[in-house]
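Asks: Quick note on the numbering used here: the sequence shown kicks off at 1 and runs consecutively.
Where is the CB? At the ideal position from N, CA and C, for every residue including glycine.
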Amino acid sequence: MTQFFPTFDPAAEREPFWFLGGQARILLPGTATDNRLSLMEFADPIGHAPPHHVHEDEEEVWFVLDGEVTFFVGDKRHDLVPGQVAYGPRGVPHSYLVRSPEGARIAALFSPARIEEYFRTNGIAVAEAGDLPPEFDLGTVVASAADFNLRVTGPPPTL
1 MTQFFPTFDP AAEREPFWFL GGQARILLPG TATDNRLSLM EFADPIGHAP
51 PHHVHEDEEE VWFVLDGEVT FFVGDKRHDL VPGQVAYGPR GVPHSYLVRS
101 PEGARIAALF SPARIEEYFR TNGIAVAEAG DLPPEFDLGT VVASAADFNL
151 RVTGPPPTL
């Protein structure tokens with residue numbers, strides 16, 4: 001059996017990038033775990049919400065680090081605060097909505113890995129974009145989802 005012990009030294013792949021108006025970072029890429037899992041961090045402003053979507057390949061676990069976030073998984077609503085966790089099984093529509101005025105930070109664990117490449121492909125480096133999130137083309141982001149077995153099922157939730 002191969003042993004994996006990823007390092008967390010500064011690396012270009014862990015640099016933040018803009019994604020759908022918030023910032024994301026890949027903390028643990030699938031390449032470090034034989035694609036068994038990946039870990040990302042999302043820092044999003046109040047009102048941020050991705051469209052409802054389904055991951056056909058990945059299980060997803062969200063851990064709220066800062067702020068208040070509502071997770072919608074299937075027909076259930078989960079209002080979470082720092083230290084709480086939500087689970088999104090593969091094949092189940094889900095989304096989230098940042099409720100706190102100061103925004104929120106979320107850690108997201110994906111298993112198996114690979115979906116982090118979808119985020120990286122559709123992201124824009126923070127250093128190149130400046131301090132404010134750049135405009136993004138939701139149509140382009142949605143169109144690339146199929147390559148990662150990700151399916152958009154509805155609009156983003158709102159406050």
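1) By how many angstroms is the C-alpha of L20 removed from the C-alpha of D75?
2) Specify the secondary structure class of G67 as computed by DSSP and reduced to three states.
3) From which residue to which residue does the beta strand (DSSP E) around F17 run?
4) What's the call for F155, buried or exposed, on a 16-neighbour Cβ count within 10 Å?
5) I'd like to confirm the pairing. Which residues does DSSP put opposite D79 in its beta bridges?
6) My guess is that P51 and S95 are in contact by the Cβ rule of under 8 Å, so how many angstroms apart are they, rounded?
7) Please work out which residues of its chain come closer than 8 Å, Cβ to Cβ, to Y118, disregarding the five sequence neighbours upstream and downstream, and give them in chain order.
8) Run through DSSP, which three-state label would A107 get?
9) Measuring alpha carbon to alpha carbon, tell me which residue in I46, V141, Y87 and T33 is nearest A113.
10) In angstroms with no decimal places, state the Cα-to-Cα distance between G88 and V73.
11) For the candidate residues G139, L27 and E116, whose alpha-carbon lies nearest to that of E58?
12) Can you list, in chain order, the residues of its chain with a C-beta nearer than 8 Å to that of P82? Leave out the 5 residues immediately preceding and following it.
13) For V54, which residues does DSSP report across the bridge?
Replies: So, from the data block:
1) Approximately 24 Å between the Cα atoms of the pair.
2) Reduced to three states, the DSSP call for G67 is coil.
3) Following the DSSP letters along the chain, one finds F17 inside the beta strand (DSSP E) bounded by residues F17 to F19.
4) Reading off the sequence shown, one finds Pro at residue 155, where the question assumed Phe. When all chains shown are included, P155 counts as exposed.
5) Answer is T70, bridged to D79.
6) With a beta-carbon spacing of about 7 Å, P51 and S95 fall inside the 8 Å limit used to define contacts.
7) Excluding residues within five positions, the ones whose Cβ falls inside 8 Å are S144, A145, D147, F148 and L150.
8) Residue state, collapsed to three classes: strand.
9) Among I46, V141, Y87 and T33, the Cα nearest to that of A113 is on T33.
10) Near 6 Å, if we compare the C-alpha coordinates of V73 and G88.
11) With distances taken between Cα atoms, E58 lies closest to E116.
12) Within the same chain, P82 has close Cβ partners V64, L65, D66 and G67.
13) Residue pairing from DSSP places V54 in a beta bridge opposite R151.
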